[in-house]
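Encoded as structure tokens, the structure appears first; notes follow it.
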Amino acid sequence: MVSEAVKLYELKKKIAEELENRLPSRSVLRARRDPHAKRRPRPCGITIHPGHGCPLKCLYCYIYDMGFTDKVVAYPLEPLELVYALAINPYVVPT
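If you're matching positions, the sequence shown starts at 103 in the numbering used here and goes up one per residue.
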């Protein structure tokens, strides 16, 4: 009997292969270099950054202390590139 962990690993490999086949080689390289492809998750999970910055300036928000501004900037990866980066991250398993 195949364990659940093995099934999830095989699913992860299949997802990564399918995305790699759909993406142009330039996109594959960009995704592989991105921090989302390498970063360890925090205890609460992995953060996904589709953009940086926020104009709301909530009093409790810490992003300004991290150097982000109130100007919203889209993340440089295309959506499928970001998904591929997560799919090849060794610390991320689909659930």
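C-beta: ideal position from N, C-alpha, C; glycine also. Since the structure is predicted, the reported quantities are computational estimates derived from the model, not experimental observations.
Run of the alpha helix (DSSP H) containing residue i, from where it starts to where it stops
i    : result
S105 : It is not in any alpha helix (DSSP H) - S105 carries neither H nor E in the DSSP assignment.
E183 : 181-190
A133 : 127-135
Rounded distance between the beta-carbons of residue j and residue i, thought under 8 Å
i    : j    : result
Y193 : P143 : 6 Å
L182 : L113 : Incorrect: roughly 17 Å between the Cβ atoms, too far for contact.
E180 : S105 : Not confirmed; about 34 Å, so no contact.
H138 : L184 : 6 Å
P196 : L110 : 6 Å
For residue i: DSSP bridge partner residues
i    : result
H154 : V175
G147 : R144
Stretch-stretch touch, CB-based, cutoff 8 Å, three pairs: the region 145-152 with the region 180-191: Enough Cβ pairs lie closer than 8 Å, so yes.
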